[in-house]
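Residue numbers (the numbering used here): -10 to 97.
Each residue gets a CB set at the ideal place from its N, CA and C atoms; glycine is no exception.
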């Protein structure tokens, strides 16, 4: 099991996945349920945290994926955004979400 702060050796994991040997006497069954492969992934990656990190970002919506928007910013505005986000200990995307939320609340 790898510690949370240790880098994952993805090359070793890929080699293991591609060359895993199954005993001739092994009994393979189809798992059921939404968490069917979680135990295998956790064993391969070392922890449930590593699996969540590898699978992707958590949804911002209650269910399903979160819609994504892409915007272009002038260089000076982007610099202001990055500076503000660092000072507020936030990610720039969180600053943008909060600003848009406030703007939409005031405009409706």
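{"Check": "CA-to-CA distance, residue 29 to residue 41, given in whole angstroms", "Outcome": "13 Å"}
{"Check": "Exposure of residue 25, with buried meaning 16 or more beta-carbon neighbours within 10 Å", "Outcome": "exposed"}
{"Check": "Environment of residue 34 [buried if 16+ CB atoms lie within 10 Å]", "Outcome": "buried"}
{"Check": "DSSP three-state assignment for residue 31, whether helix, strand or coil", "Outcome": "helix"}
{"Check": "Simplified DSSP state of residue 77, which is helix, strand or coil", "Outcome": "coil"}
{"Check": "Residue 9 (DSSP reduced to helix, strand or coil)", "Outcome": "coil"}
{"Check": "Residue 74 vs residue 81 beta-carbon contact at 7 Å", "Outcome": "yes"}
{"Check": "Collapsed DSSP secondary structure at residue 36 in the structure displayed", "Outcome": "coil"}
{"Check": "Contact check, residue 54 vs residue 48, beta carbons under 7 Å", "Outcome": "yes"}
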